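Novice: I'd like to ask some things about the structure below.
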Amino acid sequence: MIFKELIKIIIYGTLVVLFISVNALFLVWAERRVSARIQLRRGPIHVGWQGLLQTVADAVKLISKELVLPKEADRFLYILAPMLVFAPLLSAFLVLPLAQNVVIRDLNIGFLFIFSLTNITFIGIFIAGWSSNNKYALLGSMRAVAQNISYEIPLLLSTMGVVLLTGTLKMSELVPAQAKGWFLFTQPVAFLIFLCSSLAEANRAPFDIPEAESELVAGFHTEYSGMRFALFFLGEYTAIFISSAIAAALFLGGWQGPLLPGLVWFLIKTYGIIFIVMWIRWTFPRLRSDQLMALAWKVLIPLAMVNVFVTALVLELQKILA
Amino acid sequence: MTETLVAQDEIQSVARQCLAQGYFLESFTAVDFAECIELVYHFNHWGPCQRSCVKVLVPKNGGSPGAWSTPSISSIYKSANWFEREIHEFFGVTFAGHPNLKRLLLPESSEIFPLLKSFKGEPKGADVTQSLKLMQEDTREFKTQEAVSLTQKNKDYYLNLGPQHPSTHGVLRVLLHLAGERVLAGEPIIGYSHRHHEKMMEIQTYLGCWPNMGRLDYVGAMSYNMGYALLAEKAMGLVPTPRAEHIRVLMTELNRVSSHLLWMGTFLLDLGAFTPFFYCFDDREKILDILEMATGERLTYDYFRFGGVDRDIPAEFAPAIKDFIPEFKKRLRDYDKLIRQNIIFEKRTKGLGILTKENALAYGVTGPSLRAAGVAQDLRRDEPYSLYPTLDFQVPTSTDSDAYSRYWVRFREMEESLKIISQLVDKIPAGETKLARIPKNFPKGEYYSACESARGTFGMYLVSDGTLNPYRFHLRTPSFSNLNAIVDMLPGCVVSDVVAILGSIDIVLPEIDR
Chain A
0 MIFKELIKII IYGTLVVLFI SVNALFLVWA ERRVSARIQL RRGPIHVGWQ
50 GLLQTVADAV KLISKELVLP KEADRFLYIL APMLVFAPLL SAFLVLPLAQ
100 NVVIRDLNIG FLFIFSLTNI TFIGIFIAGW SSNNKYALLG SMRAVAQNIS
150 YEIPLLLSTM GVVLLTGTLK MSELVPAQAK GWFLFTQPVA FLIFLCSSLA
200 EANRAPFDIP EAESELVAGF HTEYSGMRFA LFFLGEYTAI FISSAIAAAL
250 FLGGWQGPLL PGLVWFLIKT YGIIFIVMWI RWTFPRLRSD QLMALAWKVL
300 IPLAMVNVFV TALVLELQKI LA
Chain U
0 MTETLVAQDE IQSVARQCLA QGYFLESFTA VDFAECIELV YHFNHWGPCQ
50 RSCVKVLVPK NGGSPGAWST PSISSIYKSA NWFEREIHEF FGVTFAGHPN
100 LKRLLLPESS EIFPLLKSFK GEPKGADVTQ SLKLMQEDTR EFKTQEAVSL
150 TQKNKDYYLN LGPQHPSTHG VLRVLLHLAG ERVLAGEPII GYSHRHHEKM
200 MEIQTYLGCW PNMGRLDYVG AMSYNMGYAL LAEKAMGLVP TPRAEHIRVL
250 MTELNRVSSH LLWMGTFLLD LGAFTPFFYC FDDREKILDI LEMATGERLT
300 YDYFRFGGVD RDIPAEFAPA IKDFIPEFKK RLRDYDKLIR QNIIFEKRTK
350 GLGILTKENA LAYGVTGPSL RAAGVAQDLR RDEPYSLYPT LDFQVPTSTD
400 SDAYSRYWVR FREMEESLKI ISQLVDKIPA GETKLARIPK NFPKGEYYSA
450 CESARGTFGM YLVSDGTLNP YRFHLRTPSF SNLNAIVDML PGCVVSDVVA
500 ILGSIDIVLP EIDR
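Residue numbers (numbering that gives the first Met the number 0), protein chains in the order written: chain A, 0 to 321; chain U, 0 to 513.
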């Protein structure tokens, strides 16, 4: 029994890590192609078919690069930070409903589990900025922590509407509940708040102030090089994938769809949201940190609360009328 | 232009009078003569130009450089701060009452005074180890301050923004005093790309000075060509051929548009928007292609000559411009919709980096940054030169004097430049582009002339002794004064705004460092 479990863990673990790497390579390529289309360029087209192998070449370059360790850095924390950023993201794949009955562990706390574990990455980001002993990195990590704590609240509040409608946190039950209609149509405000907050959570433009390269050089990962830097990168793209996957599962009906198998529908919806995220990144200027905070506390949180309140009110009224 | 010679101790009262009458310090430099150092102040007035030149003689009295002293006017004119530091390091004049008389453009440890005629170019002064020691002493001072304050409640610290930083538009260092992200004070530190054009030109022939003009402000080099041409023609009494005159104005305006486009792209890059950069560069490429047709150069133009231009334009030049204008007008409409009407852009730039009129006067700010503060000063209209009096164009202004209005002014300037180009492109007269005979050197005397570059007033002060080389050639570059004005814009903003403010005033470092 234990042996069987162990084999399962090893297989799933390998699959997840493999998926994360391939996914990140694909997303980096996609990002470069999308940005190139937006910016009158062609992007990578020479290495491999349509330049698909360009990111592989970049990954090989990053792996073979020297791992620079700044003289004044806090060695232990400096090396720990990239791992701390990357590792928790693996856990999210435990509960993602990829297709009907394809969930590694169907926990009854579902996506709450994802949010609580992926938040460990911010501790990693803060440690990275702190241990680098670089003022730019410290400023970047300071901003990251402030931003992520603030945006955690609207992010979770926006999902509460969906939870009220279904009465469950379980991912495998949330998706079938949308058989008659996506929650995008019953909870449009919640979807927008969720998208907005998850952009901020993933440090994506226009909320990329922790790594704002025109201000802070590269923010919290200024001092990192080689594979350690690549881990931050991998973490960023995985975080985008996870939040888009959650959005697809919560608001776009997950793996449900006609003709095609569930996994394909799920990936189509997820990458569709990721495309919108990229589109936003290459269209807007960056917000300032105080404006970002104001947006979270003065707009998104009240709006999310109103959304929860209205949803609850409608549900109660329906009960009374019925 | 009125010219007055005042005594050393009277200069402060003269400066105070000038400031009260609304004059700003346009140019301030020195000339080395055998018995004395002559300080030359050029005051100018907003609106229709009324230049007044004030001279002060600092006697040498047989002393050595550094011992010659004169009263400072940096407490009256804030722009005099850097001018006086520059004169101090190049001529060894000490300004009594100057708050911070350190080296400005040369290395910290240099002990040479290169613009003195007694200087023969001994390769000493740039002692690297000594410079490093002085810089370390500087930082040590900061470190102790930091250590003290970290134990206290006010946790302020220093941050060197640059010289290696993606958003300083060149090698510029801004020393920021921060509390968290809030800026308490900031000071730009320059001199990293100093090449000493002024000394270089003293050992060159007048014709040999042309390439230097393209290498000062490499983004808008045509205006600098124009400036030198105006100065030379004023001195030599030449009248350029009508065809050359038309080509010159066309080139200058096209270059102004390309310069503003580069600024627009990089300014939005500072604000975190990547995509406009590529669009601006796409348009700029088209302009550079057109300019390349005639000049053969894409960046450091060396095209104008005394009384004309270097080469005639090819036949496809005018049609290329005619194709470009409607295309670019369409693009401008897109930019306006996508950039200015974007809410994030508006929120980021409105009310940011306010330059009051008092500060603009005290710092001698010119160009679009000044026009964004509501002053319609443009030398093309106020001191008309070349073909500009015959042309129909507006001087766009804005009253908010923030980063947003600086964007808006430059944007509308591009439209005005297009207007000028479309007025001229159809009526380029036939004829010669060069004069048959040109004198080799300037007649003996001193000359001052200024023109409007993409960044502001570009002034040139030249003293000729009738020989083949200039005796003294001073360049008044607009960004030099404009950059200094950020000292009063920075306090109170956050780190993100520092790069936005720096971007909004549009600096080109080689032009500041010369």
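Backbone N, C-alpha and C fix where the C-beta goes; we use that ideal spot for every residue, glycine too.
Given the structure is predicted, the values throughout are model-derived calculations rather than measurements.
#1: Could you name the residues of the stretch 252-274 of chain U whose beta carbon sits closer than 7 Å to any beta carbon of chain A, in the order they occur along the chain?
#2: Kindly list the residues whose CB is nearer than 6 Å to the CB of residue 370 (chain U), restricted to its own chain and excluding five residues on each side of it in sequence; keep chain order.
#3: One question on the structure: do residue 94 (chain A) and residue 159 (chain A) come within less than 8 Å of each other, judged by their Cβ atoms?
#4: Just tell me which of U:297, U:52 and U:20 has its CA closest to the CA of residue 1 (chain U).
#5: Would you say residue 347 (chain U) faces chain A, with C-beta separation under 8 Å as the test?
#6: For residue 185 (chain U), name the three-state secondary structure that DSSP assigns.
#7: Smallest Cα separation from residue 16 (chain U): which of U:28, U:34, U:43 and U:38?
#8: Where residue 165 (chain U) and residue 99 (chain A) are concerned, what is the direct C-alpha to C-alpha distance, given to the nearest angstrom?
#9: From the DSSP secondary-structure annotation, give me the bridge partner or partners of residue 46 (chain U).
#10: Are the beta-carbon atoms of residue 440 (chain U) and residue 466 (chain U) separated by less than 8 Å?
#11: Alpha carbon to alpha carbon, how far is residue 217 (chain U) from residue 249 (chain U)?
#12: For a contact meaning CB atoms closer than 7 Å, what does residue 281 (chain U) contact in chain A?
#13: Judging by CA-CA distance, which residue of U:12, U:21, U:46 and U:60 is the nearest neighbour of residue 34 (chain U)?
#14: Strictly below 9 Å CB to CB, what residues from chain U border residue 281 (chain A)?
#15: Identify the residues that DSSP records as bridge partners of residue 35 (chain U): which are they?
#16: I'd like to check one pair, residue 199 (chain A) with residue 88 (chain A): are the Cβ atoms closer than 8 Å?
#17: What residues match up with residue 130 (chain A) in a beta bridge as DSSP calls it?
#18: Could you check what DSSP says for residue 206 (chain A) in three-state terms: helix, strand or coil?
#19: One question on the structure: do residue 307 (chain U) and residue 383 (chain U) come within less than 8 Å of each other, judged by their Cβ atoms?
#20: Does DSSP classify residue 95 (chain A) as helix, strand or coil?
#21: Going by DSSP in three states, residue 459 (chain U) sits in which element: helix, strand or coil?
#22: Got a sec, what are the start and stop residues for the beta strand (DSSP E) residue 475 (chain U) sits in?
#23: Could you name the residues of the stretch 244-258 of chain A whose beta carbon sits closer than 9 Å to any beta carbon of chain U, in the order they occur along the chain?
#24: Buried or exposed for residue 444 (chain U), going by 16 or more other Cβ atoms inside 10 Å?
#25: Report the residue from A:123, A:64 and A:31 whose alpha carbon sits nearest the alpha carbon of residue 75 (chain A).
#26: Thinking residue 173 (chain A) and residue 165 (chain A) are a contact (beta carbons under 8 Å), I'd like their distance in whole angstroms, please.
#27: Pick helix, strand or coil for residue 305 (chain U), following the three-state DSSP scheme.
#28: Residues in its own chain within less than 6 Å of residue 350 (chain U) by CB, not counting five upstream and five downstream?
#29: Hey, quick one: how far does the alpha helix (DSSP H) through residue 67 (chain U) stretch, first residue to last?
#30: Report the rounded CA-to-CA distance for residue 62 (chain U) versus residue 252 (chain U), giving the unit in angstroms.
#31: State yes or no: is the C-beta of residue 221 (chain A) within less than 8 Å of the C-beta of residue 147 (chain A)?
#32: By Cβ distance below 8 Å, which residues in the same chain neighbour residue 62 (chain A) in space, the five residues on each side in sequence not counted?
#33: Which chain A residues are close to residue 158 (chain U), counting only those with a beta carbon under 7 Å from its beta carbon?
#34: Counting C-beta neighbours from all protein chains within 10 Å, is the total for residue 77 (chain U) 16 or more, i.e. buried, or is it exposed?
#35: Give a yes or no on whether 8 Å exceeds the smallest Cβ distance from residue 341 (chain U) to chain A.
#36: Can you list, in chain order, the residues of the stretch 267-293 of chain A whose Cβ is nearer than 8 Å to any Cβ on chain U?
Specialist: So, to answer that:
#1: 267, 268, 269, 270, 271, 272, 273 and 274
#2: 396 and 408
#3: The answer is no: Cβ separation not under 8 Å.
#4: U:52
#5: yes
#6: In the displayed model, residue 185 (chain U) falls within a strand according to three-state DSSP.
#7: U:43
#8: 48 Å
#9: Paired residue(s): none; residue 46 (chain U) is not in a bridge.
#10: yes
#11: 18 Å
#12: 39
#13: U:60
#14: Residues of chain U passing the Cβ test: 272, 273 and 274.
#15: U:58
#16: Not closer than 8 Å, so no.
#17: For residue 130 (chain A), which the question treats as bridged, DSSP gives no partner whatsoever.
#18: coil
#19: In terms of Cβ geometry, residue 307 (chain U) and residue 383 (chain U) do not form a close pair [threshold 8 Å].
#20: Look at residue 95 (chain A) here: in three-state DSSP terms it is coil, with no helix or strand label.
#21: strand
#22: Note, residue 475 (chain U): beta strand (DSSP E), 471-475.
#23: Residues of the stretch 244-258 of chain A with a Cβ closer than 9 Å to any Cβ of chain U: none.
#24: exposed
#25: Comparing Cα-Cα distances from residue 75 (chain A) to each of A:123, A:64 and A:31, the minimum goes to A:123.
#26: 6 Å
#27: coil
#28: Taking residue 350 (chain U) as the centre and dropping the five residues before and after it, the same chain places the C-beta of 401 closer than 6 Å to its C-beta, in chain order.
#29: Note, residue 67 (chain U): premise wrong, no alpha helix (DSSP H); beta strand (DSSP E) at 67-70.
#30: Their backbone Cα atoms lie some 49 Å apart in a straight line.
#31: no
#32: Excluding sequence neighbours, residue 62 (chain A) sits near 225, 226 and 229.
#33: 134
#34: buried
#35: Interface residue, yes.
#36: Identification of residues in the stretch 267-293 of chain A having a C-beta nearer than 8 Å to some C-beta of chain U yields 281, 282, 283, 284, 285, 286, 287, 288, 289 and 290, given in sequence order.
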